[in-house]
Amino acid sequence: MANARKTSKMTRFKRWLFQDVDNSGLILWRILLGFLLTAEAWGAILTGWMKETYVDPSFRFHFIGFDFLQILSGEWMYIYNIVMGVFGLMFMLGYRYRLAAIGYFIMWSGIYFGQKSNYNNHYYLLLLLVGIMIFIPANRFASLDAKSNPSIKSYSAPRWAYFILQLQFAIVYVFATVAKLYPDWLKAIPVSLWLNAKSDYWLIGPLLTKEWLHYFMSYAGIFYDGTIILFLLFKRTRVLALVLSLIFHLSNSAIFQIGVFPFMAISAILLFWDPAVIRKRFFKKKPAFITPDKQSIPNWSNAAIVVVGIYFIWQVYLPLRHHLYEGNVHWTEEGHRLSWQMMTRSKRGSVFFYVKLPDSSNKSLEFPAKRIAPHQAGSMATRPDMIWQYAQHLKEIYQDSLGVTPQVYAHSSVSLNGRPSAPLVNSKVDLAAEPWNRFEHKHWILLMKD
């Protein structure tokens, strides 16, 4: 009997997942997301981000293990981003939609994993969303694909197409909430440091220095991240969710200039809204969709559920993996990336290196600003993995120029959330000789004292 009940529940769940529903929300989401993808690709050129990050630097801090992405450099990267923007435009128009999604996903993967000096959680989210959209049938209406091939035209999509995207956003917001539940954030320390640094803003500068505003924004962030998905799931609170999202994301955009993410997050509300309302507002000529009484379940449903289940287990593991490492993740950074911990702490620091040649007692002093851009040096100073990478880079430079393998020692001084500065890495350890083990705490990363 127990097995029969489990089978019945699974069958009902699969019928719910594969039930056809109005696809108006998905269609409008595709159009808006495609516009933002294009803006991200071409905006990187217009704002100088591409020049600063990929054209000018002779060395970049790529994700460890992605050394081959160093080939993405020089002025031809402008062409790279122009092509990527074309894929975004194709995605928006629904022209060869799946090819466009795959093309953008591959090219954005190169951009994302090819540098981390300008690391942003939102870049990672963009990568995940485009990857998911490869499998979402969002080109069956209001698209050039449907116009040229009427056989694919449809007014519906399986419910799982909405559900997967909704679950992805839910994971982001849940872990963003959890990441803020630590003493420094509850004391509004990170927010106060950020806003006080913007006191010179026109008109609102004096307001940004107020302590009450720091506490309000800190707790408003927890409240918004922790409730927005619930508010969107229930019809009675969706308008409230829309109002809160507009206030929260547009204010963040104005104060922190965080790219397309605020607009992407606002547009994601479409995935939770009643599709019939979206159809009436934006697709007035589209016929009303009537949900069928019976829905067939495809033969591949079990395999698809397993694959998607593994994906989301991985998405839950990544934000939790920092608990497997020793020390405070805000200090050590081990397990910080890919975990929705962005903008949860404020770190400042500096680092310089000593290089010692074999059979010599002399040490050469190396200041990073002599070889890399200031923004790269600033980002590296508070991140142990980037300090290690730069030590490896110095080792290669000396090996190529002198034919010997040097010892490289890093001297760092870092402040977390306004605390007194302290060493981040052990200055007595030769980082050039240290291997990178991503599954263990690095013994040369010093733990925070308090």
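Take 40 as the starting number for the sequence shown in the numbering used here and just add one per residue. Glycine included, every Cβ here is placed at the ideal spot set by N, Cα and C.
Item	Value
Alpha carbon of Ser-452 to alpha carbon of Tyr-364, nearest angstrom	22 Å
DSSP-derived helix/strand/coil call for Ile-150	helix
Nearest-angstrom Cβ-Cβ length linking Gly-153 and Leu-85, presumed shorter than 8 Å	That belief does not hold up - the Cβ atoms of Gly-153 and Leu-85 are roughly 20 Å apart, past 8 Å.
Helix, strand or coil at Gly-441 [DSSP, three-state]	According to the sequence displayed, residue 441 carries Leu and not Gly. Helix at Leu-441.
With 16 other Cβ atoms within 10 Å as the buried cut-off, status of Thr-50	exposed
Cβ neighbours of Ile-411 in the same chain (closer than 7 Å, five flanking residues each side left out)	Pro-96, Phe-98
Three CB pairs or more closer than 8 Å across the stretch 380–388 and the stretch 445–459	yes
Limits of the alpha helix (DSSP H) - the one that Gly-170 falls within	160–172
Cβ-based neighbour list, Phe-100, same chain, cut-off 7 Å, excluding 5 preceding and 5 following	Gln-154, Lys-155, Ser-156, Gln-415, Met-419, Met-425, Gln-428
Asp-332 - containing beta strand (DSSP E), residue span	Asp-332 -> no beta strand (DSSP E), and no H or E assigned at all.
Rounded distance between the beta-carbons of Ala-177 and Ile-349, thought under 8 Å	About 23 Å; that fails the 8 Å criterion.
Alpha helix (DSSP H) runs wholly inside the stretch 396–447, at least 4 long, in chain order	413–419, 423–441
Nearest candidate by alpha-carbon position, reference Tyr-151, set Val-217, Tyr-136, Ile-173, Ala-83	Ala-83
Pro-423 versus Lys-192: straight-line alpha-carbon distance, rounded	52 Å
Among Ile-70, Lys-48, Ala-280, Phe-107, nearest to Gly-127 - alpha-carbon criterion	Ile-70
Supposed close pair Leu-183, Tyr-134 - CB separation, criterion 8 Å	4 Å
Whole-Å CB distance - Leu-271 paired with Ile-308, under 8 Å assumed	6 Å
Per DSSP, cross-strand counterpart(s) of Asp-59	Pro-197
Beta strand (DSSP E) runs wholly inside the stretch 304–369, at least 3 long, in chain order	none
Whole-angstrom C-beta distance between Trp-55 and Arg-179, which should lie under 8 Å	About 21 Å; that fails the 8 Å criterion.
Residues that DSSP places opposite Arg-387 in a beta bridge	Ser-454
Buried or exposed by the 16-neighbour rule on C-beta atoms within 10 Å, applied to Arg-318	buried
Beta carbon of Ser-63 nearer than 8 Å to that of Phe-322	yes
For Tyr-263, three-class secondary structure by DSSP	helix
CA-to-CA distance, Val-278 to Asp-59, given in whole angstroms	25 Å
Sequence-distant residues of its chain with Cβ nearer than 8 Å to Glu-114 (five each side left out)	Val-94
Backbone secondary structure at Phe-98 - three-state DSSP	coil
Same chain, Cβ closer than 6 Å to Pro-407, five either side skipped, listed in chain order	Ala-416
Through-space distance from Gln-380 to Arg-469, alpha-carbon basis	Checking the sequence, you will find Asp at residue 469 rather than Arg. So the two alpha carbons sit approximately 30 Å from each other.
Coarse secondary structure for Ile-243, derived from DSSP in three states	coil
Beta bridge counterpart(s) of Val-394 as assigned by DSSP	Ser-403, Val-447
Beta-carbon gap between Phe-392 and Val-316 smaller than 8 Å	no
Bridge partner(s) assigned by DSSP for Val-464	Ile-484
Whole-Å CB distance - Ile-540 paired with Val-347, under 8 Å assumed	Summary: the structure shown does not reach residue 540, with the chain confined to residues 40 through 489, and so no result is reported for it.
Under 8 Å between C-beta atoms of His-369 and Arg-384	yes
Nearest to Asn-235 (by Cα), restricted to the options Tyr-212, His-253, Pro-314, Leu-166	His-253
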